[in-house]
Each structure stands twice: as C-alpha cells, then as structure tokens.
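Quick notes on the structure that follows.
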Amino acid sequence: MKQLELFCLFTLVITTNAQGQTLQNVSDSGNTTNNLLQITGVNNVRGNGAGLELFRFGTDGVIQAYDRNASAPIKLRIQPNAGSITTINDAGTGRLVINGTPDDGRTPLQVNGDIRSSTGVFRALDGVTNNILMTYGYNEAVGDYTSIKVAGLATNNAELRLIQNGNVGIGTANPQSKLAVAGTITAHRLKVTSNSADWPDYVFRSDYHLPSLKEVESYVTTNKHLEGMPTADEIATNGQDVGELNRKLLQKIEELTLYLIEEHKKNEEQQKEIVELKSRLKSVENR
C-alpha cells in the first residue's frame, strides 16, 4: 500500500511540473502571462460569457470578440481565409478585407457587399482640392430621401449634386430639372429629341393657313414680335426651351420660304408681262 501511495504522489508531481513548463496558471489576482500562447491543434480557448476567443476553425486560426449571452454573439472576427474580417499588413501596406472579397493588394478598405454609414460622409483629401463625396439619408433636410453631393472641404458648398428623384445639379444645390447647370455648358454636339407630329412639316401641307404679309405686318406692328414667338420678357422670366424655340424658328423659316416662292411666281408672271409689253412696243415702233 505504501508503494502505491508513493507512486501516485510521484505521478502527480510529474504531471504538475509538465503543465508548468507549457502554460502559466492565471487567476483573478494575477491573470497575466509572459509566455507565447500558440494553438496549432483542435484545442480551443473559449469563454462562457463575453471576452476574447482564440481557436482553430478548419484550417484557419481564428480570433474573435464574443459575447455568448448576446443575441448576435460575434462582435469581431478575424479569420485569414474565409472569415468576416481579414487584416493584412505586408510591405508596410495595411489593408482591411471584409466578407471574403479578393485582396487587390493595394486598397486599404475592401468590402464584398454594401457599405452603410450613419453620416454618409466620405472624405478624400487630395492636395488643395479637398473634395468630399457626401450621401444623405432620408432624414436629412435636403428635400428628398437620398442625395449625393461633391463639395469643397473649406466651404462645404455642393458643386455636384444628385438627388433621389434623378435630378442632377451642377453649381446649384436645388436642381428642379433632370439636369440643372448654373453656368456655361461646352459641348461638341447637343441632341434634342422632338415629337414628329410637332415638327413644322405641316407648314407645307395644303390645309395650312399661311397668314398674308398684310396680316403679319399688322401683328408685328401691334405686338412688336412675330406671332407664336416668345417675347423678350417671357425669355427673361422663363428662359429658352431650345427644342421648342428651334421648332418655332423652323416654322417661321418655312413660312418665309412659302412667301418667297409666292413672290417668285409673281415675279415670273410680271417678267412675262414685261417681255410681252416690250414686244408690242417694238412692233408699234417698227410700223
């Protein structure tokens, strides 16, 4: 019996010494260690409440902040291969890769999915330009549910604004049309579409009423502008509808063409009469 007791005591001492060589014991009064804690097998270091967990998941080593008492227990998870968040720091380049998106090797923040921001402000400081891309949510006092604007950092004045209804403003904060530009537009080509039924080809139809020149004279004498054309005050107040103004100008050009054709016919008739009168006069002189 005494030999058995000595053997058990010897075994306990050997086991305790072996544990002391691999991990320091920690407690509430001294929960620190200056040794390396490394997990290479299937063993896990996990808690029952809130804390930091280190464990192996498949072929991954995982570090996560965890609260097992919460409805959404995982607070932060770092998993090299297939996890939610991956941090990379190689060659002095720090990157955060989220949701398993392939790392491009250069972008600091890479996300496979949507990005949601409570403020919706993304700042890109670039020399003296200091541009800001700002997005507004539904509760912003911008008159709409969603707004995107690019502004200067110094004044926060929007130079480009896109709002939820599809209106785009350049140099204006409140675009009232699909494209509102407070300034000059430079373009090589501008295309304005129009309904074919509104295009003034109808001027050349036989049932079109062409005002006489006397009627035109009477109208412009009274109103000081051509009939159907906007006045100077209307242009100053409402601006110019380029497509509509071109349509009206073409209508007047086509009416003018009809007047010229009519005058040309009269001139031809008069020329015939002149030739005939000259012939008669010559006959009289030769008698």
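In our numbering, the protein residues as written are 2 to 288. Yeah, the Cβ is synthetic: ideal placement off N, Cα and C, and Gly gets one too.
By a C-beta neighbour count over all protein chains shown, 10 Å radius and 16 as the cutoff for buried, is residue i buried or exposed?
| i | result |
| --- | --- |
| I164 | buried |
| E256 | buried |
| P212 | exposed |
| V98 | buried |
| K273 | exposed |
| T102 | exposed |
| P109 | exposed |
| Q297 | Outside the modelled stretch of the chain, which goes from 2 to 288, sits residue 297, for which no answer is possible. |
| R117 | exposed |
| R162 | buried |
| V285 | exposed |
| G59 | exposed |
| G21 | Its pLDDT being 43, under 50, G21 is placed unreliably in this model, and the value from its coordinates should be taken loosely. By the 10 Å Cβ count, G21 comes out exposed. |
| V143 | The predicted model places V143 with a pLDDT of 48, which falls under 50 and marks its position as unreliable; any figure quoted below should be read in that light. Buried, since its Cβ has 16 or more Cβ neighbours within 10 Å. |
| N70 | exposed |
Which one or two residues does DSSP pair with residue i in a beta bridge?
| i | result |
| --- | --- |
| N170 | First, the residue type needs correcting, since residue 170 is Gly and not Asn in the sequence shown. Partner(s): R162 and A181. |
| L53 | A66 |
| V204 | V204 pairs with nothing; no bridge assigned. |
| D61 | F58 |
| L227 | Note: L227 sits in no beta bridge, so no partner. |
Where do the ends of the alpha helix (DSSP H) carrying residue i lie?
| i | result |
| --- | --- |
| L251 | V243 to E286 |
| V221 | L214 to N224 |
| D234 | A233 to N239 |
Along the beta strand (DSSP E) that carries residue i, what are the first and last residues, could you check?
| i | result |
| --- | --- |
| L211 | Neither: L211 is in no beta strand (DSSP E) and is coded neither H nor E. |
| L110 | L110 to V112 |
How about residue i: is its Cβ closer than 7 Å to a heavy atom in the ligand NAD?
| i | result |
| --- | --- |
| L246 | Inclusion of the ligand NAD in the displayed structure is not the case, the ligand content being empty and no account of it being possible. |
**Q.** Sufficient close CB pairs (3 or more, under 8 Å) joining the stretch 162-182 to the stretch 218-237
**A.** no
Q.
Under 8 Å, with one C-beta from each stretch per pair, do the stretch 255-270 and the stretch 199-209 reach the 3-pair mark?
A. yes
Q.
Tell me whether the stretch 185-196 and the stretch 231-250 touch, counting them as touching only if at least three CB pairs, one residue from each stretch, are closer than 8 Å.
A. yes
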